[in-house]
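Let me begin by presenting the structure, written as structure tokens, before commenting on it.
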Amino acid sequence: MNFEVKHNDDIVVFKLNEKKLDTTISGILKGEFTILCQAEGVRKMIVDLSEVEFCDSSGLSALLLCQRQIRERGGAIRLTHCNEKVETLVRISQLERVLPLISTNEEAISELQNLE
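The opening position of the sequence shown corresponds to residue 152 in the numbering used here, with each subsequent residue numbered one higher.
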């Protein structure tokens, strides 16, 4: 699985450099999210999905695991650069309240900086 992690003050930007967010990588992704959330204590995260063209329920499950771990620490997550298919999946699953969809990383950083 190919990804990049960048730190912007107390905000982590996790860029997934994969075309598919599905069962082939969801287990590995959950592990990486757990390391970031538990070992590093991340409370604010942006998941940049600009490279992702397809996401299935196991991919959503990985994102929800990350969201739950961050929420338990009083933090927040934002998804950015989602294509239409990924956006539609999040919306029809009625998850946009727990996995907010933001157009750009800059907008997401601005939102997260305003959170305590």
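Built from N, CA and C at the ideal position, the CB exists for glycine as well.
Segment limits, beta strand (DSSP E) that includes residue i
i: Arg222; result: Element bounds for Arg222: not the beta strand (DSSP E) but the alpha helix (DSSP H), 208-223.
i: Asn256; result: Note, Asn256: premise wrong, no beta strand (DSSP E); alpha helix (DSSP H) at 256-264.
i: Leu167; result: 162-167
Limits of the alpha helix (DSSP H) - the one that residue i falls within
i: Glu239; result: Note on identity: in this sequence residue 239 is Thr, with Glu being the wrong assignment. 235-243 is the span of the alpha helix (DSSP H), which, as asked, contains Thr239.
i: Ala227; result: Run containing Ala227: none in the alpha helix (DSSP H); it sits in the beta strand (DSSP E), 227-231.
i: Ile179; result: 174-185
Environment of residue i [buried if 16+ CB atoms lie within 10 Å]
i: Asp199; result: buried
i: Ile243; result: exposed
Beta-ladder partner(s) of residue i, from DSSP
i: Val198; result: Phe165, Leu230
i: Glu155; result: Lys166
C-alpha distance - residue i paired with residue j, whole-angstrom precision
i: Ser261; j: Lys170; result: 27 Å
Practice item. For the stretch 172-187 and the stretch 216-225, state whether three or more C-beta atom pairs, one from each stretch, are separated by less than 8 Å. Key: Yes, since at least three Cβ pairs between the stretch 172-187 and the stretch 216-225 fall closer than 8 Å, the two stretches touch.
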